[in-house]
Amino acid sequence: MAKKQFKAESKRLLDLMINSIYTHKEIFLRELISNASDAIDKIYYKALTDPSLSFNQADYYIKISVDKGKRLLTISDTGIGMTKEELDDNLGVIAKSGSFNFKKEHEIKDGFDIIGQFGVGFYSAFMVADTVTVISKALGSDEAYKWESNGSDGYTIVPHHKDVVGTDIILKLRANTDDENYDEYLQEYRLKALVKKYSDFIRYPIKMDVTVRKPKEGSDSEYEEYQEEQIINSMVPLWKKNKNELTQEDYDNFYTEKHFGFDKPLRHLHVSVEGTTSYNAILYIPEKIPYDFYTKDYEKGLALYAKGVLIMEKCPDLLPDYFSFVKGMVDSDDLSLNISREILQHDRQLKIIAKSIKSKIKNELLSMLKKERDKYEVFFKAFGRQLKYGVYSDFGQHKEDLQDLLLFYSSKEKKLVTLAEYLDRMPAEQKYIYYAAGESIERLEKLPQTELVADKDYEILYFTDDVDEFAIKMLMNYKEKEFKSVSSADLDLGEDTETKKETAEEQELFDYMKNVLGDKVKIVRASKRLKNHPVCLTNEGDLSIEMEKILSTMPNNHNIKAEKVLEINTNHDVFHALKSAYENDKDKLKLYTNLLYNQALLIEGLPVSDPVEFTNNICSLMK
Numbered sequence: 017m018a019k020k021q022f023k024a025e026s027k028r029l030l031d032l033m034i035n036s037i038y039t040h041k042e043i044f045l046r047e048l049i050s051n052a053s054d055a056i057d058k059i060y061y062k063a064l065t066d067p068s069l070s071f072n073q074a075d076y077y078i079k080i081s082v083d084k085g086k087r088l089l090t091i092s093d094t095g096i097g098m099t100k101e102e103l104d105d106n107l108g109v110i111a112k113s114g115s116f117n118f119k120k121e122h123e124i125k126d127g128f129d130i131i132g133q134f135g136v137g138f139y140s141a142f143m144v145a146d147t148v149t150v151i152s153k154a155l156g157s158d159e160a161y162k163w164e165s166n167g168s169d170g171y172t173i174v175p176h177h178k179d180v181v182g183t184d185i186i187l188k189l190r191a192n193t194d195d196e197n198y199d200e201y202l203q204e205y206r207l208k209a210l211v212k213k214y215s216d217f218i219r220y221p222i223k224m225d226v227t228v229r230k231p232k233e234g235s236d237s238e239y240e241e242y243q244e245e246q247i248i249n250s251m252v253p254l255w256k257k258n259k260n261e262l263t264q265e266d267y268d269n270f271y272t273e274k275h276f277g278f279d280k281p282l283r284h285l286h287v288s289v290e291g292t293t294s295y296n297a298i299l300y301i302p303e304k305i306p307y308d309f310y311t312k313d314y315e316k317g318l319a320l321y322a323k324g325v326l327i328m329e330k331c332p333d334l335l336p337d338y339f340s341f342v343k344g345m346v347d348s349d350d351l352s353l354n355i356s357r358e359i360l361q362h363d364r365q366l367k368i369i370a371k372s373i374k375s376k377i378k379n380e381l382l383s384m385l386k387k388e389r390d391k392y393e394v395f396f397k398a399f400g401r402q403l404k405y406g407v408y409s410d411f412g413q414h415k416e417d418l419q420d421l422l423l424f425y426s427s428k429e430k431k432l433v434t435l436a437e438y439l440d441r442m443p444a445e446q447k448y449i450y451y452a453a454g455e456s457i458e459r460l461e462k463l464p465q466t467e468l469v470a471d472k473d474y475e476i477l478y479f480t481d482d483v484d485e486f487a488i489k490m491l492m493n494y495k496e497k498e499f500k501s502v503s504s505a506d507l508d509l510g511e512d513t514e515t516k517k518e519t520a521e522e523q524e525l526f527d528y529m530k531n532v533l534g535d536k537v538k539i540v541r542a543s544k545r546l547k548n549h550p551v552c553l554t555n556e557g558d559l560s561i562e563m564e565k566i567l568s569t570m571p572n573n574h575n576i577k578a579e580k581v582l583e584i585n586t587n588h589d590v591f592h593a594l595k596s597a598y599e600n601d602k603d604k605l606k607l608y609t610n611l612l613y614n615q616a617l618l619i620e621g622l623p624v625s626d627p628v629e630f631t632n633n634i635c636s637l638m639k
């Protein structure tokens, strides 16, 4: 029989289909299984509207068969089948969807779940096959037909024998090339993995002859193998089951089966939302941070399903960056997909779902913080840094969403506390939320700058993450209470902590010390915060010394420096030595000045610019 030609535009579309539309060749199996499911759906719908038809679920399934010798892969279904005219019409005109027309002809609303509507998925078979054969017998017809094509050259349709209603799609797989291994689609384990990945929740059984290996009778060391037909898909998604019927073990198993992580999740959320855009989701808050979480290789996102079929393994648009640690999946019947079913045509529905998911994650974290504090602190140890980045990023756009989720170590409580808990303990006269930033709690507890704040019995929050101070600068205040560093120029602790202005003699001394240090410091002055320590560095302006340290480790840091102030404790014996040297020995004053400056650097964890000079100065002092 002479070949029929695809229409010219269909020919071009087929070339595009094979070479461009689909990202991964393995998608072909998802498309063919989805089409098979559609075919069974159509019988189911007809049974609902035609009293002469009955629908027994057990009679309807999809079967995958392999003939390795002939390089044949067959996907069969017991669905509605196609007539000769439907084969010619649906398969001869690319992008004409039989499913779409079926819904239109029968006035089926979107609530009825027919997966394929684009009419292009079938042609994905040509990505892996030289020849595609379709043998089909339509419901109510006594005759069957065979459609066959080897691609853009056209197709034939001839009568054929088939005992039962349904469709067989037979792929003659391509020969392997240097770049592609088509043999993998003849391997049992690979086909099972693809079904599990993309089509696990197709509502009808997907059957396959699976190799079973068992010990030979009477032998402990010899085995026999045989083929056994098995159902290889789950059919009913976990997220569509009644929550009351599910156990924690069910959710944990799903987490493991879908490779969301190797740890045990701290919490799960089972979400069902009805509305303008309805969706189901199962979300997990992990216990442990992935090894690559803070690398460019980490991919955030939730698995995205449309009507139970996997569309994207990781859809990044469903999660804000600050919740990128969340794992899980989302399934919606309302998504508008492009013709490859791999991406969305537009993102309005996705934005609605993402906004809802963000709210639910935040509420779940707040619930854990309130009801399971120990568990929340385990979470925060792993992912708190990411929440702080969220406060800092996008110019503080998300700070209101995240501020109540933050924890910081408290100088008084000796544990992690929330900002709300800090405020609840604040004395009425306290104006600010005080903090100290540094490398470790141990170092901060010894910081000279904390003396006066601690003496007032004010609580200090210890910032030990490099992002902490940047996040707080972006947050600016919490419930109208501003944040203030213990190293800031003005602590504003009240009149009783103010000191008189320097005398003229003291001012002369400090000006001299400033000239000795040059542009290393902005000013030298008497300290209003030191009690027992002789010296410390503080800063003026928005850039703190700790922020300078962090920025200095980054590429292209432009040598940004904080405006440093050297503060001298005028009640300390060291100050009397400075005054004496100013009056009697200016060289000794220069020595003292440099030593005190370097001492202040070391207290801050900053490097001494000239260690040799520093050690020589110490030796000079000892002489």
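Residue numbers for the sequence shown follow the working numbering, so the first one is 17 and each next one is one higher.
All C-beta atoms, glycine included, are put in the ideal place defined by N, C-alpha and C.
When DSSP states are grouped into helix, strand and coil, I584 belongs to the strand group. For K232, the three-state secondary structure derived from DSSP is coil.
Residue state for Q243 is assigned as strand, using DSSP reduced to three classes. With a minimum length of 4 residues, the unbroken runs of alpha helix (DSSP H) contained wholly in the stretch 424–497 fall at 435–441, 457–461, 467–471 and 484–491.
By the Cβ neighbour-count rule, C635 is exposed, with fewer than 16 other Cβ atoms within 10 Å of its own. Minimum Cα-Cα distance from S294 among the listed residues I80, E522, I369 and Y242 corresponds to I369. Remark: C-beta atoms of S560 and S501 approach each other more closely than 7 Å. Separation of L326 and D337 (C-alpha to C-alpha, rounded to the nearest whole angstrom) is 22 Å.
From the listed residues F309, D313, S340 and D308, the smallest Cα separation to A319 is found for S340. Burial of H284 is indicated by the presence of at least 16 other C-beta atoms within 10 angstroms of its C-beta. In this structure the stretch 66–85 touches the stretch 197–215; the number of beta carbon pairs closer than 8 Å is three or more. Here the alpha carbon of D308 sits roughly 30 Å from the alpha carbon of L460. DSSP links I185 through a beta bridge to I91 and V150.
Residue environment for S50: buried (at least 16 other C-beta atoms within 10 angstroms of its C-beta). For the pair L385 and Q365, the CB atoms are not nearer than the 7 Å cut-off. Between the stretch 445–460 and the stretch 386–400, the count of C-beta pairs closer than 8 Å stays below three; the two stretches do not touch. Distance from N249 to S288 at the Cβ level is roughly 22 Å; contact not present, criterion being Cβ atoms closer than 8 Å. Between L432 and the set R441, L422 and E388, the nearest pair of CA atoms involves L422. By the criterion of a C-beta distance shorter than 7 Å, V483 is surrounded in its chain by R401, K404, Y405 and Y408, once the five residues flanking it on both sides are discounted. Beta-bridge partners assigned by DSSP to Y408: none are found. Per DSSP, the beta bridge partners of E556 are E579. Taking D75 as the centre and dropping the five residues before and after it, the same chain places the C-beta of T94 closer than 7 Å to its C-beta, in chain order. N633 sits close to L611, with the two beta carbons spaced by under 7 Å. The C-alpha of R87 is placed about 60 Å away from the C-alpha of A487. Note on geometry: alpha-carbon atoms of K280 and I298 lie some 15 Å from one another.
Measuring C-alpha to C-alpha distances from M345 to each of G317, D363 and K371 identifies G317 as the nearest. With a cut-off of 8 Å on Cβ pairs, the stretch 135–155 is in contact with the stretch 184–192, counting three or more such pairs.
Between I59 and I96, the CB-CB gap stays under 7 Å. Where R364 is concerned, the enclosing alpha helix (DSSP H) starts and stops at R364 to K387. Across the set K376, P302, G137 and K19, the C-alpha of K19 shows the shortest separation from the C-alpha of G170. Judged by DSSP secondary structure, M345 falls within the beta strand (DSSP E) whose first and last residues are K343 to S348. Short of 6 Å from the beta carbon of Y267, and not among the five residues preceding or following it, lie these beta carbons of its own chain, in chain order: H284. For M98, the three-state secondary structure derived from DSSP is coil.
H414 is classed as buried because its beta carbon has at least 16 other beta carbons within 10 Å across all chains shown.
Note: K20 is bridge-paired with Y171 in the DSSP secondary-structure output. One Cα belongs to T193, the other to D199, and the distance between them is close to 10 Å.
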